[in-house]
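See below for the structure under consideration.
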Amino acid sequence: MSSSKNSGVGVAGYPAPVESAGQAGTVSHGLPGSALTRLGQDKLALLGLVIILAVVAVAVFAPYLAPNDPVKVDLAQRLAPPGAPYPLGTDHLGRCLLSRLIYGTRVSLATAALALSAIMLISIPLGTLAGYCGGRVDSLIMRVVDVLLAFPGLILALVIAGTLGPGLLNVMLALSLVWWVGYARVIRGMVLSVKEKEFVMAARACGTRELGIITRHILPNVLSPVIVLATLDMGKLILAISGLSFLGLGAQPPTPEWGGMLNDGRPYLQVAPQLMVYPGLCIMTVVLAFNLLGDGLRDALDPRGSTRISL
Amino acid sequence: MSWAPVLKVKNLSTYFYTRYGVIKAVNGASFTVAAGKTLGLVGESGCGKSVTALSILRLIEPPGRICSGEVWLNGCDLLKIPPRQLRQVRGREIALVFQDPLTSLNPVLTIGTQLAETIDSHEEISRAEARRRAVELLFRLGLPDPERLMRLYPFQLSGGMRQRVMVAMALALRPKVLIADEPTTALDVTVQAQILAELKRLQEELGMAIVLITHDLGVVAAMTDEVAVMYAGTIVEHGPVAEVFDRPAHPYTRALLRSVPRLGREELAPVEGQPPSLLNLPAHCAFLPRCLQAGAACRGEKPELREIGPGHAAACHRLFPWAG
Numbered sequence: 487m488s489s490s491k492n493s494g495v496g497v498a499g500y501p502a503p504v505e506s507a508g509q510a511g512t513v514s515h516g517l518p519g520s521a522l523t524r525l526g527q528d529k530l531a532l533l534g535l536v537i538i539l540a541v542v543a544v545a546v547f548a549p550y551l552a553p554n555d556p557v558k559v560d561l562a563q564r565l566a567p568p569g570a571p572y573p574l575g576t577d578h579l580g581r582c583l584l585s586r587l588i589y590g591t592r593v594s595l596a597t598a599a600l601a602l603s604a605i606m607l608i609s610i611p612l613g614t615l616a617g618y619c620g621g622r623v624d625s626l627i628m629r630v631v632d633v634l635l636a637f638p639g640l641i642l643a644l645v646i647a648g649t650l651g652p653g654l655l656n657v658m659l660a661l662s663l664v665w666w667v668g669y670a671r672v673i674r675g676m677v678l679s680v681k682e683k684e685f686v687m688a689a690r691a692c693g694t695r696e697l698g699i700i701t702r703h704i705l706p707n708v709l710s711p712v713i714v715l716a717t718l719d720m721g722k723l724i725l726a727i728s729g730l731s732f733l734g735l736g737a738q739p740p741t742p743e744w745g746g747m748l749n750d751g752r753p754y755l756q757v758a759p760q761l762m763v764y765p766g767l768c769i770m771t772v773v774l775a776f777n778l779l780g781d782g783l784r785d786a787l788d789p790r791g792s793t794r795i796s797l
Numbered sequence: 405m406s407w408a409p410v411l412k413v414k415n416l417s418t419y420f421y422t423r424y425g426v427i428k429a430v431n432g433a434s435f436t437v438a439a440g441k442t443l444g445l446v447g448e449s450g451c452g453k454s455v456t457a458l459s460i461l462r463l464i465e466p467p468g469r470i471c472s473g474e475v476w477l478n479g480c481d482l483l484k485i486p487p488r489q490l491r492q493v494r495g496r497e498i499a500l501v502f503q504d505p506l507t508s509l510n511p512v513l514t515i516g517t518q519l520a521e522t523i524d525s526h527e528e529i530s531r532a533e534a535r536r537r538a539v540e541l542l543f544r545l546g547l548p549d550p551e552r553l554m555r556l557y558p559f560q561l562s563g564g565m566r567q568r569v570m571v572a573m574a575l576a577l578r579p580k581v582l583i584a585d586e587p588t589t590a591l592d593v594t595v596q597a598q599i600l601a602e603l604k605r606l607q608e609e610l611g612m613a614i615v616l617i618t619h620d621l622g623v624v625a626a627m628t629d630e631v632a633v634m635y636a637g638t639i640v641e642h643g644p645v646a647e648v649f650d651r652p653a654h655p656y657t658r659a660l661l662r663s664v665p666r667l668g669r670e671e672l673a674p675v676e677g678q679p680p681s682l683l684n685l686p687a688h689c690a691f692l693p694r695c696l697q698a699g700a701a702c703r704g705e706k707p708e709l710r711e712i713g714p715g716h717a718a719a720c721h722r723l724f725p726w727a728g
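Protein chains in written order, with the working numbering: chain A, 487 to 797; chain B, 405 to 728.
Printed below as a string of structure tokens:
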């Protein structure tokens with residue numbers, strides 16, 4: 487037990503900046519300040535952040551930004567080209583495309599965020615439990631994870647959503663039930679490595695409660711990679727929700743949702759391509775923005791990031 | 405000062421059940437520590453010093469298991485009390501300082517948070533009061549500008565500062581017994597001297613007993629009142645430090661003392677051979693293969709620790725002539 491504790495100890499008397507990073511790359515060193523600085527220097531990540539903030543603003547202020555009611559049908563103006571009352575034209579029921587896109591932002595962001603919260607709520611306790619308790623609890627949780635991982639995620643979500651019936655809530659439910667497994671696995675692995683750290687033993691020797699050890703000593707050391715994963719997954723979730731809506735399982739008419747709008751516009755691709763082009767562009771932009779930010783976050787929170795030489 | 409033992413370890417055995425067999429890391433170790441006194445626990449790497457320390461606080465995790473023994477503190481056996489009560493003992497009655505200050509602090513919490521949490525996990529006081537006490541503790545350990553230090557993260561401190569923080573954390577609840585597991589091994593000599601001096605000073609202030617685990621005989625000579633020499637999981641010699649150093653009785657103690665560099669002595673005499681594998685300890689004396697004065701009796705059963713002088717005991721069949 488006492489051997490090998492000496493390994494990796496730098497020169498005493500020097501505040502070695504990345505003390506434990508060499509021993510486990512998963513442990514961040516609690517440096518939000520410098521991580522933010524590094525994020526600030528990453529132009530692509532900043533671009534992603536700006537786009538996301540803009541999209542969030544659009545979602546929040548949708549009623550003020552939308553020129554028309556997104557669900558108001560104007561059959562006289564079916565498939566109207568971009569013009570005066572409808573800046574981007576209308577769909578097959580004469581609804582304002584721009585307004586629907588603007589309100590669609592709300593649906594996409596809210597559904598993805600809610601699904602992500604549900605995923606976190608399932609995966610963090612289960613992953614931590616599996617990693618911390620080990621033994622049978624670990625085996626049980628991880629076998630469930632293995633089974634779920636054996637299926638392609640989106641297909642499984644499709645089956646669950648199909649069984650539950652169409653609707654945004656069911657899509658969120660289906661995605662959360664499928665998606666938590668990856669997180670649980672990552673969290674378990676990191677908890678396994680962090681719980682062997684000496685500071686956990688030191689906390690226990692001080693008489694800290696088990697719950698305190700988990701919440702104060704283990705989880706904070708685990709969360710930064712999870713945040714990165716979550717940011718990257720926000721984009722994937724939006725894509726998945728749009729995909730399921732495109733297949734008719736998600737948002738039901740007349741709810742404006744990008745995936746559903748793509749599907750609605752499909753028959754009119756020849757006469758009114760804007761009906762598919764704009765929703766598609768919206769999805770692409772938002773997903774891209776989340777991916778850029780996620781990549782940037784990953785680089786910024788990487789303990790070895792500080793040693794990178796900028797050219 | 406009274407000589408009443410505050411911590412009494414009796415016949416402690418901790419085994420590790422691995423797939424290669426049972427590793428007998430601690431094998432029937434017994435010792436006592438008196439209040440306000442310091443016991444040095446010495447021995448080479450892997451002889452069971454750290455496992456002994458962890459066993460006292462029941463911090464052994466599977467595949468390890470404390471198989472037998474008693475650890476008496478305040479009239480209760482720590483190995484038998486329920487977990488809830490054990491949690492009260494940890495930190496408040498016995499505190500542990502770990503070997504490596506670089507990994508013993510949580511990298512994502514500030515020094516202040518960690519110290520204050522240790523204090524208010526045991527005492528019903530406000531956050532502000534806990535932080536005030538933490539600042540006072542840091543100040544007492546000779547750390548400059550404790551207010552500022554409270555807001556720093558561990559990686560911003562040097563090794564010596566971190567170990568002082570660890571000591572502060574251990575002393576936060578004024579424990580009766582402090583177990584220091586090689587507290588200065590990872591530090592350079594000047595810092596080591598400072599920390600040991602501060603430990604000594606705080607011991608006098610708080611009147612606590614210290615179990616100092618080390619392989620540095622110089623530290624033992626300077627710091628401790630009594631010394632227990634460990635070999636292959638057992639205590640082979642135990643006694644007042646002056647007595648053991650001047651008249652070492654067990655051949656292992658003698659060999660250990662000879663292997664320490666000293667000015668004016670030409671050559672070092674290393675202890676020849678390897679310590680025995682803890683996987684299959686022999687039935688006879690574990691030191692036999694390396695022993696220079698072994699005889700026929702040594703092939704018999706394992707020698708028991710027996711009194712050879714005032715407070716001085718050794719476990720050997722063929723004690724050095726003037727002993728036994």
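Glycine included, every Cβ here is placed at the ideal spot set by N, Cα and C.
Since B:I464 contacts B:T507 with CB under 8 Å, what's their CB separation in whole angstroms? 19 Å between Cβ atoms; not a contact.
Assuming the contact rule is C-beta atoms closer than 8 Å, A:G534 and A:L778 should be a hit. Round their C-beta distance to whole Å, please. Yes, A:G534 and A:L778 are in contact; Cβ-Cβ is about 3 Å, under 8 Å.
Ranges of the beta strand (DSSP E) found wholly within the region 447 to 505 of chain B, counting only runs of at least 3: Those beta strand (DSSP E) runs which fall completely within the region 447 to 505 of chain B and span 3+ residues are 468 to 477 and 498 to 501.
Answer yes or no: do A:G613 and A:K681 have a C-beta to C-beta separation smaller than 8 Å? Cβ distance not < 8 Å, so A:G613 and A:K681 don't count as in contact.
Would B:D481 be called buried (16 or more neighbouring beta carbons within 10 Å of its own) or exposed? exposed
Which residue marks the beginning of the alpha helix (DSSP H) containing B:I515, and which one marks its end? Segment I515 to D524, the alpha helix (DSSP H) holding B:I515.
Does chain B have any CB closer than 8 Å to the CB of A:E743? no
What separation, rounded to the nearest whole angstrom, lies between the Cα atoms of A:V593 and B:M573? 50 Å
Between B:R496 and chain A, is the shortest Cβ-Cβ distance under 8 Å, so that the two count as touching? yes
If you follow the beta strand (DSSP E) that A:L635 is part of, which residue opens it and which one closes it? From DSSP, A:L635 is part of no beta strand (DSSP E) but of the alpha helix (DSSP H) over G621 to A636.
According to a CB-to-CB cut-off of less than 7 Å, which residues of the region 516 to 533 of chain B neighbour chain A? E521, T522, S525 and H526
For B:D585, which beta-bridge partners are listed by DSSP? Residue pairing by DSSP places B:D585 opposite B:I617 in a beta bridge.
Taking only beta-carbon positions, decide if B:T507 is within less than 8 Å of chain A. yes
Nearest to B:Q697 (by Cα), restricted to the options B:T657, B:R566 and B:A499: Comparing C-alpha distances from B:Q697 to each of B:T657, B:R566 and B:A499 shows the shortest one belongs to B:T657.
State the DSSP-derived secondary structure class of A:Y669, mapped to helix, strand or coil. For A:Y669, the three-state secondary structure derived from DSSP is helix.
Taking only three categories from DSSP, how would you classify A:N554? DSSP places A:N554 in the coil class of the three-state scheme, outside both helix and strand.
Beta carbon of A:L783, beta carbon of A:A604: below 8 Å? Cβ atoms of A:L783 and A:A604: not closer than 8 Å.
Classify A:F685: buried if its beta carbon has 16 or more other beta carbons within 10 angstroms, exposed otherwise. With 16 or more Cβ atoms within 10 Å of its Cβ, A:F685 is classed as buried.
Residues of chain B with CB closer than 8 Å to the CB of A:A619, please, in chain order. The amino acid occupying residue 619 of chain A in the given sequence is Cys; Ala does not appear at that position. Chain B residues near A:C619: none, gap ~12 Å exceeds 8 Å.
Output the distance between the C-alpha atoms of B:F559 and B:E705, rounded to the nearest integer angstrom. 52 Å
If I follow the unbroken beta strand (DSSP E) through B:E641, where does it start and stop? T638 to P644
Taking its Cβ as the centre, do 16 or more other Cβ atoms sit within 10 Å of A:A562, making it buried, or is it exposed? With fewer than 16 Cβ atoms within 10 Å of its Cβ, A:A562 is classed as exposed.
Rounded C-alpha distance that separates A:T523 from A:F547: 30 Å
Going along the region 689 to 715 of chain A in order, which residues come within less than 8 Å of chain B, judged by CB to CB distance? Correct list: A689, R690, A691, C692, G693, T694, R695, G698, R702, H703, P706 and N707.
Neighbouring residues, chain A, relative to B:M573 (Cβ below 9 Å): A688 and C692
Give me the Cα-Cα distance between B:Y635 and B:G452, rounded to the nearest whole angstrom. B:Y635 and B:G452: Cα-Cα distance of roughly 8 Å.
DSSP three-state assignment for B:T422, whether helix, strand or coil: strand
First and last residue of the beta strand (DSSP E) that includes B:G713? Looking at the DSSP string, the run of the beta strand (DSSP E) that includes B:G713 is R710 to G713.
7 Å Cβ cut-off: residues of chain A touching B:R666: The premise fails here: B:R666 is roughly 24 Å from chain A at the closest Cβ pair, so nothing lies under 7 Å.
Residue-level contact to chain A via CB, B:Q492, 8 Å cutoff: yes
Could you list which residues in chain D have their beta carbon closer than 9 Å to that of B:L463, in chain order? Protein chains in the displayed structure are A and B, and chain D is not among them.
So which residues of chain A does B:L610 contact, with C-beta pairs closer than 8 Å? B:L610 does not reach chain A, its nearest Cβ partner there being about 17 Å away, counting only Cβ pairs nearer than 8 Å.
Which residues of chain A have a Cβ atom closer than 7 Å to the Cβ of B:L621, listed in chain order? Per Cβ cutoff of 7 Å: no residues; B:L621 is ~17 Å from chain A at best.
Decide if A:Y572 is buried, meaning its Cβ has at least 16 other Cβ atoms within 10 Å, or exposed. buried
Can you say whether A:S585 is buried or exposed, counting buried as having 16 or more other CB atoms within 10 angstroms of its CB? buried
Would you kindly check if the distance between the Cβ of B:I599 and the Cβ of B:R568 is under 8 Å? yes
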